[in-house]
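**Student:** Just so we're aligned, residue 158 is where the sequence shown starts under the working numbering, counting upward by one.
Backbone N, C-alpha and C define an ideal beta-carbon position, used for all residues, glycine too.
Attaching a single structure in structure tokens format; questions to follow.
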Amino acid sequence: MIDQELIGQVAIKRYTVIQEFKEAYPLHNYHKTNTVTTLSDKFNIPSRTIWGILKYGEQFSKEKFYNDFRKPNS
């Protein structure tokens with residue numbers, strides 16, 4: 158699908174950043190800024206771009222998006 162360009166590079170980048178955020182967020186003790194900074198370094202893109210991607214993902218399924226990132230009750 159990627160080789161045939163059925164999925165655009167932007168969509169792949171957004172998906173990858175969102176999935177990596179979901180995995181890294183709990184590892185950073187639910188600190189969004191620390192997680193975004195780590196992803197910014199990992200993907201070599203500005204942290205502002207990471208924040209924009211996360212905001213973009215939020216638009217599609219706001220409730221599910223926030224539920225995925227919500228800190229579990231202790």
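Consult DSSP for residue 191 and reduce its assignment to one of helix, strand or coil.
**Tutor:** By 1-based counting over the sequence shown, the position of residue 191 is 34. Looking at residue 191 - three-state DSSP - the assignment turns out to be helix.
**Student:** Suppose the cutoff is 8 Å on Cβ atoms and the five residues either side in sequence are ignored; what does the same chain contact list for residue 171 look like?
**Tutor:** Position 14 of the sequence shown holds residue 171. Only 210, 213 and 214 meet the Cβ criterion.
**Student:** Assign residue 243 to buried or exposed, taking buried as 16 or more other Cβ atoms, counted over all protein chains shown, within 10 Å of its Cβ.
**Tutor:** As shown, the chain starts at 158 and ends at 231. That puts residue 243 outside it, with no answer to give.
**Student:** Within 8 Å, do at least three Cβ pairs link the segment 166 to 180 to the segment 195 to 204?
**Tutor:** Yes, since at least three Cβ pairs between the segment 195 to 204 and the segment 166 to 180 fall closer than 8 Å, the two stretches touch.
**Student:** Would you report the Cα separation of residue 206 and residue 169, rounded to the nearest angstrom?
**Tutor:** Position 49 of the sequence shown holds residue 206. Position 12 of the sequence shown holds residue 169. Going by the C-alpha atoms only, they are around 14 Å apart.
**Student:** The alpha helix (DSSP H) with residue 203 in it runs from where to where?
**Tutor:** Stepping through the sequence shown from its first residue, residue 203 is reached at position 46. Premise fails: residue 203 is in no alpha helix (DSSP H) and is neither H nor E.
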